[in-house]
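**Q**
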Amino acid sequence: MKAELLYEGKAKQVYRTNTKSQLVLSYKNDATAFNGKKKAFFEGKGRLNNEISSRIFTYLQEQGISSHFIKRLNETEQLVHETAIIPLEVVIRNVATGSILKRLGLKEGMPFQPPLIELFYKNDELDDPLINDDHALLLTNITVSELKEIKAKALEVNTVLRELYQSLNLDLIDFKLEFGRSITGEIVLADEISPDTCRLWDRDTREKMDKDVFRQGTGDLLEVYEIILHRLEERK
Ligand code: TMP
Numbered sequence: 001m002k003a004e005l006l007y008e009g010k011a012k013q014v015y016r017t018n019t020k021s022q023l024v025l026s027y028k029n030d031a032t033a034f035n036g037k038k039k040a041f042f043e044g045k046g047r048l049n050n051e052i053s054s055r056i057f058t059y060l061q062e063q064g065i066s067s068h069f070i071k072r073l074n075e076t077e078q079l080v081h082e083t084a085i086i087p088l089e090v091v092i093r094n095v096a097t098g099s100i101l102k103r104l105g106l107k108e109g110m111p112f113q114p115p116l117i118e119l120f121y122k123n124d125e126l127d128d129p130l131i132n133d134d135h136a137l138l139l140t141n142i143t144v145s146e147l148k149e150i151k152a153k154a155l156e157v158n159t160v161l162r163e164l165y166q167s168l169n170l171d172l173i174d175f176k177l178e179f180g181r182s183i184t185g186e187i188v189l190a191d192e193i194s195p196d197t198c199r200l201w202d203r204d205t206r207e208k209m210d211k212d213v214f215r216q217g218t219g220d221l222l223e224v225y226e227i228i229l230h231r232l233e234e235r236k
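Everything in the sequence shown is counted per full-length UniProt numbering, starting at 1 for the first residue and increasing by one.
(1) Looking at Leu88 and Phe179, is the spacing between their C-beta atoms short of 8 angstroms?
(2) Quick check: the Cα distance between Gly9 and Gly98, rounded to an integer number of angstroms?
(3) Taking the CB atoms as reference points, tell me whether Phe57 and Leu222 lie closer together than 8 angstroms.
(4) Among residues of its own chain, excluding the 5 on either side of residue 242, which ones have a beta-carbon nearer than 7 angstroms to its beta-carbon?
(5) What does DSSP give as the partner residues of Ile65 in its beta bridges?
(6) The beta strand (DSSP E) spanning Lys12 covers which residue range?
(7) Considering Cα atoms alone, identify which of Gln216, Asn158, Trp201, Arg215 is closest to Ile227.
(8) Take Ser194 and list the residues in its own chain whose beta-carbon comes closer than 6 angstroms to its own, dropping the five residues that flank it on each side.
(9) Thinking C-alpha only, which one of Tyr225, Lys45, Lys211, Ile183 is nearest His68?
(10) Mind checking which residues open and close the alpha helix (DSSP H) that includes Arg231?
(11) Could you have a look at Leu96 and say whether DSSP puts it in helix, strand or coil?
(12) Using the C-alpha atoms, what's the distance from Arg16 back to Arg199?
(13) For Glu43, which three-state DSSP category applies?
(14) Are the stretch 121–140 and the stretch 156–168 in contact at 8 angstroms, needing three or more beta carbon pairs?
(15) Leaving out five residues on either side along the sequence, give the residues of the same chain with a beta carbon under 7 angstroms from the beta carbon of Leu147.
(16) On the CB-based measure, 16 or more other CB atoms within 10 Å of its CB, does Met1 come out buried or exposed?
(17) At what residues does the beta strand (DSSP E) containing Leu79 begin and finish?
(18) By the 10 Å Cβ neighbour count, where 16 or more other Cβ atoms means buried, how is Val144 classified, buried or exposed?
(19) Taking the CB atoms as reference points, tell me whether Leu60 and Val224 lie closer together than 8 angstroms.
(20) So what's Ile52 in DSSP terms, helix, strand or just coil?
(21) What does the alpha-carbon distance come out to for the pair Val90 and Pro115?
Printed below as a string of structure tokens:
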């Protein structure tokens with residue numbers, strides 16, 4: 001079913017298939033941080049990201065939020081609808097942590113109500129700079145109304161995933177989404193949603209249960225991702 005390699009990123013490979021508008025996403029065992037400056041190989045990480053991301057996209061679909069996701073194919077691969085990725089990282093923040101702390105001089109843990117939306121330009125050479133709406137319209141092919149649609153969808157994903165993670169005794173602190181344009185021209189939620197792209201804090205211990213354990217060197221990435229998958233599997 002898998003045909004030629006179309007694209008290889010830091011954490012995934014994208015393959016064509018025999019079906020024109022469908023692609024295979026293959027999750028790699030690599031972890032990178034700080035735009036690839038920190039790198040490591042974790043045997044089994046690809047499986048964990050694929051399993052978690054597949055479960056999250058399935059849950060979103062059950063809640064009426066569509067995406068590029070079609071189905072999980074095997075341990076490390078999923079089938080998705082083809083899209084052209086829009087070079088925007090759409091970040092939603094419920095609580096202050098990460099890059100916003102130094103940028104705006106905020107204290108870690110400050111809640112944002114309503115949640116903050118930030119846009120970053122997905123461009124490794126420029127180190128994914130923070131941009132505003134006008135920049136997003138200049139640098140991508142989306143329209144004003146599509147940008148509005150993207151933001152509304154990101155907030156909807158936030159509402160649904162906050163509730164899901166709360167039921168797993170986790171707080172969804174912040175996360176990043178990417179959107180693509182389908183071959184029929186629609187804007188579609190795409191990429192992956194996993195502890196690589198979210199921050200999750202345990203509600204009891206406040207421990208960080210996401211890629212920050214690798215970014216900050218404070219814990220065992222595989223152990224933490226296994227816990228997230230286990231809580232998702234045990235969900236009633
Ligand atoms: P930040 O605080 O480093 O800006 O990250 C905000 C959120 O976006 C956090 O949940 C991690 C996620 N993220 C990615 O998924 N990819 C990235 O390249 C970066 C910088 C952040």
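All C-beta atoms in this analysis are idealised placements derived from N, C-alpha and C, irrespective of residue type, glycine included.
This structure is a prediction, so every number in the text was calculated from the model and none was measured.
**A** Let's see:
(1) Judged by their CB atoms, Phe179 and Leu88 are nearer to each other than the 8 angstroms cut-off.
(2) Each residue's alpha carbon lies about 23 angstroms from the other.
(3) Contact flag unset, no.
(4) The shown model of the chain, from 1 to 236, leaves out residue 242, and the question about it has no answer.
(5) For Ile65, which the question treats as bridged, DSSP gives no partner whatsoever.
(6) Here the beta strand (DSSP E) through Lys12 covers 12–17.
(7) Looking at the Cα atoms, Trp201 is the closest of the given residues.
(8) Excluding sequence neighbours, Ser194 sits near Asn49, Ile52, Ser53.
(9) Per the Cα distances, Ile183.
(10) Looking at the DSSP string, the run of the alpha helix (DSSP H) that includes Arg231 is 221–234.
(11) Per the sequence shown, the amino acid found at residue 96 is Ala instead of Leu. Residue state, collapsed to three classes: coil.
(12) Rounded to the nearest angstrom, the two C-alpha atoms are 31 angstroms apart.
(13) DSSP places Glu43 in coil when its eight states are reduced to three.
(14) The stretch 121–140 is not in contact with the stretch 156–168.
(15) Annotation for Leu147: Asp133, Ala136, Leu137 place their beta carbon closer than 7 angstroms to its own, counting only its chain and skipping 5 residues before and after.
(16) Per the 10 Å Cβ criterion, exposed.
(17) Note, Leu79: beta strand (DSSP E), 77–81.
(18) If you draw a 10 Å sphere on the C-beta of Val144, you find fewer than 16 other C-beta atoms in it, and that means exposed.
(19) Result no, Cβ atoms of Leu60 and Val224 do not sit closer than 8 angstroms.
(20) In the three-state scheme derived from DSSP, where H, G and I count as helix and E and B as strand, Ile52 is classed as helix.
(21) Taking the straight line joining both Cα atoms gives about 13 angstroms.
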